[in-house]
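Quick note: the sequence shown uses the working numbering, first residue 3, plus one each step.
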Amino acid sequence: MKYLYFCVETNYTVVMPKVKDEKKVTDIHKAAMKLLIQTGFAGLKMADVAKEANIATGTLYIYYKSKEALVNDVYEHTRKEMVSVLLDSKNAVSGDFYKTFASMWLSYFNYCLRYPEKMIFVEQFVYSGLIDSTIIDETEKELKPLNQFIEFGQEKGIFKPLNVELLKAQMQGAVHDIIKVIHKKNIELSDTEILQCLGMSWDAMKRTF
């Protein structure tokens, strides 16, 4: 994006703000997330984030005026990324609830398996009281298509007649717990075992008569 630099008769120069370097933003987010998982919010220091991101502390403050602003931006960006993976349009299989569920579950599972630090970060901070409520509300609103999918499944008698929030928690929570066990115990799952884990999650949600 180009900005216009010009002089007016008063001889003042008007300079538009520079666009943030997206690579720097990514590096900052990665550094902040790593340190937050290690130290928690109280132990986080902006100087340490800058050092981890390989930038000057002054540069970090150009991007984020406080560590509260930094943590909120990292949360918002990461949560939206996780939701987009879960609700990718490629996961929808017309007329087949199980295949759609399986595609969503596997996409989310593989994402969390690849980026466990992002999963842990969101899980750690969503109920921390540090994330602005408007950010939490906005990111959760993006899960509306999942709510609709579950509600329609309930209408069809496929999913248990429970509160939708509980079913969503079961779906995502099961993935989180499996990923944490995999990394803690250094377990390498076969494709068959991953499908068995998917089956357990499906069985936990589907209605039994």
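Backbone N, C-alpha and C define an ideal beta-carbon position, used for all residues, glycine too.
Please read these numbers as outputs of a predicted model, since none were measured by experiment.
Using the three-state DSSP reduction, which class does residue i fall into: helix, strand or coil?
{"i": "K208", "result": "strand"}
{"i": "F111", "result": "helix"}
{"i": "F161", "result": "strand"}
{"i": "A187", "result": "Contrary to the premise, residue 187 reads as Lys rather than Ala in this sequence. Here K187 sits in helix by DSSP."}
{"i": "A58", "result": "coil"}
{"i": "A44", "result": "coil"}
{"i": "Y66", "result": "coil"}
{"i": "I89", "result": "This sequence places Leu at residue 89; Ile is not what is there. Looking at L89 - three-state DSSP - the assignment turns out to be coil, as it is neither helix nor strand."}
{"i": "K22", "result": "coil"}
{"i": "S192", "result": "coil"}
Counting C-beta neighbours from all protein chains within 10 Å, is the total for residue i 16 or more, i.e. buried, or is it exposed?
{"i": "A49", "result": "exposed"}
{"i": "Q174", "result": "buried"}
{"i": "R209", "result": "exposed"}
{"i": "S91", "result": "exposed"}
{"i": "R116", "result": "exposed"}
{"i": "M202", "result": "exposed"}
{"i": "K22", "result": "exposed"}
{"i": "K120", "result": "buried"}
{"i": "L38", "result": "buried"}
Task: Runs of alpha helix (DSSP H) wholly within the region 94-147 (minimum 4 residues, chain order) - done: 99-116, 118-127 and 135-143
Open item on the list: Is it the case that the region 74-86 contacts the region 131-139, given that we only count it when at least three CB pairs across the two stretches are under 8 Å?
Closed with: yes
Task: Sufficient close CB pairs (3 or more, under 8 Å) joining the region 177-197 to the region 102-113 - done: yes
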